[in-house]
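One structure is given below, encoded as structure tokens.
Number of protein chains: 2
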Amino acid sequence: MQLSRIIIGDGLNIENIVKKKNLKLTSARRELLEILFYAKNPLSYEDIKENIVMDKATFYRNIIKFEEENIINSFESNDKKRYFEIFQQPHPHFVCSRCHNIECIKERLDFNLEGYLVENIILKGLCKVCNKTSI
Amino acid sequence: MQLSRIIIGDGLNIENIVKKKNLKLTSARRELLEILFYAKNPLSYEDIKENIVMDKATFYRNIIKFEEENIINSFESNDKKRYFEIFQQPHPHFVCSRCHNIECIKERLDFNLEGYLVENIILKGLCKVCNKTSI
DNA sequence: ATTATAATGCGACTAAGTTGCATTAAAGTT
DNA sequence: AACTTTAATGCAACTTAGTCGCATTATAAT
Chain Z
-5 MQLSRIIIGD GLNIENIVKK KNLKLTSARR ELLEILFYAK NPLSYEDIKE NIVMDKATFY
55 RNIIKFEEEN IINSFESNDK KRYFEIFQQP HPHFVCSRCH NIECIKERLD FNLEGYLVEN
115 IILKGLCKVC NKTSI
Chain C
-5 MQLSRIIIGD GLNIENIVKK KNLKLTSARR ELLEILFYAK NPLSYEDIKE NIVMDKATFY
55 RNIIKFEEEN IINSFESNDK KRYFEIFQQP HPHFVCSRCH NIECIKERLD FNLEGYLVEN
115 IILKGLCKVC NKTSI
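Protein sequences, first through last, are from chains Z and C. Quick note on numbering: the first sequence equals residues -5 to 129 in this note's numbering. Quick note on numbering: the second sequence equals residues -5 to 129 in this note's numbering.
What follows is the structure in structure tokens.
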């Protein structure tokens, strides 16, 4: 797969995104970003590690860099793991407490919290499937 | 302090709550529940451990029991820690990504997510204080 | 007072995430 | 194309949350 050539949004590919932030384009970074670009849901380190060759330290150092540069963002689930995804328009995530699946919520949740800046919304509970099959 | 005599809601004190669930009332459990009852914000293990004498395994085993019995509930913050609080009416929590404070949100957030059962809402971003003093 | 059973403490363990340090690779310069 | 600077990598050692098995102890009922 010629993943590094995928076009994201405004004609950007992984090379441009990384270089725009004055980061060196290494194979570790290309690998990591390709996986995240192709994922349709947020991924944890455990999800990713089987598919990468880089060291754990490299992984986390890149995660930190990418988060600083707003290339990705992350949040904690209820399984003690952090989940990573390519930075998109802020949108809520639903974490199912039964099946532990994580879904991106497309519906807009409107509420006004005076004074706060809400960057991330995590909803926990039962997803559609588990809610239907619940006792 | 005669903490075990505090009255919660329907004339319940810690003794009654624990016994109602068919759990033995040990000093570890009394200690843990007293701390959580008195906390005005959710607490992590790190917050609690200086004030308890029980072993870490006992702490977590009781946390698991209490969660099963809906005496407490917990959620993950963005500092890799789990936070615990006495189970109350479900209400959102706001986690500040700058000062890492955790607040209970009293305002009702109304939205309808068809099919899901939302048990827990975590908002992340800048709290009132940090948002005001942000660049 | 006795006893059954649940809860505790201890030690060993797992897994995420971090840090220091020596080595290597990227990207600009001549 | 070789040279150089600086950033990124791999490795090993570490920290901390959380879990588990097991022997011992405390609770609550008889």
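For every residue, glycine included, the Cβ atom is placed at its ideal position computed from N, Cα and C.
For residue i, report the span of its beta strand (DSSP E) as first-last.
{"i": "Cys90(C)", "result": "His87 to Cys90"}
{"i": "Ile66(C)", "result": "Ile66 to Glu70"}
{"i": "Ile96(C)", "result": "Ile96 to Cys98"}
Alpha helix (DSSP H) containing residue i: first to last residue?
{"i": "Ser21(Z)", "result": "Ser21 to Tyr32"}
{"i": "Glu62(Z)", "result": "Lys50 to Glu62"}
{"i": "Asn125(C)", "result": "Lys122 to Lys126"}
{"i": "Lys43(Z)", "result": "Tyr39 to Lys43"}
Cutting at 6 Å between CB atoms, please list the residues of its own chain near residue i, excluding the five before and the five after it.
{"i": "Ser38(C)", "result": "Lys75 and Tyr77"}
{"i": "Asn64(C)", "result": "Phe81"}
For a test of the three-state rule: what should DSSP assign to residue i, helix, strand or coil?
{"i": "Val112(C)", "result": "strand"}
{"i": "Ile80(Z)", "result": "strand"}
{"i": "Lys18(Z)", "result": "coil"}
{"i": "Arg(-1)(C)", "result": "Any reading at Arg(-1)(C) must be qualified, since the residue scores a pLDDT of 45, below 50, and its modelled position is unreliable; no value is offered."}
{"i": "Lys75(Z)", "result": "coil"}
{"i": "Asn35(Z)", "result": "coil"}
{"i": "Leu117(C)", "result": "strand"}
{"i": "Asn10(Z)", "result": "helix"}
With a CB to CB cut of under 7 Å and the five nearest residues on each side skipped, what residues in its chain are close to residue i?
{"i": "Leu103(C)", "result": "Pro86 and Ile115"}
{"i": "Ala22(Z)", "result": "Met48, Thr52 and Asn56"}
{"i": "Asn95(C)", "result": "Cys121"}
Can you round the beta-carbon distance between residue i and residue j to whole angstroms, since I take them to be within the 8 Å contact cut?
{"i": "Leu17(C)", "j": "Glu79(C)", "result": "With 8 Å as the limit, Leu17(C) and Glu79(C) do not qualify as a contact, their Cβ atoms being about 19 Å apart."}
{"i": "Glu25(C)", "j": "Met48(C)", "result": "7 Å"}
Using a Cβ-Cβ cutoff of less than 8 Å, which residues in the same chain neighbour residue i once the five nearest sequence positions on both sides are dropped?
{"i": "Ser(-2)(Z)", "result": "Because the pLDDT of Ser(-2)(Z) is 38, which lies under 50, any placement of that residue in the model is unreliable, and the question is left without a value."}
Between the stretch 58 to 76 of chain C and chain Z, which residues of the former have CB atoms less than 8 Å from a CB of the latter, in chain order?
Phe69, Glu70, Ser71, Asn72, Lys74 and Arg76
Select from the stretch 117 to 129 of chain Z all residues with a C-beta closer than 7 Å to any C-beta belonging to chain C, and list them in chain order.
Cβ contacts with chain C come from Leu117, Lys118, Gly119, Leu120, Cys121, Lys122 and Asn125.
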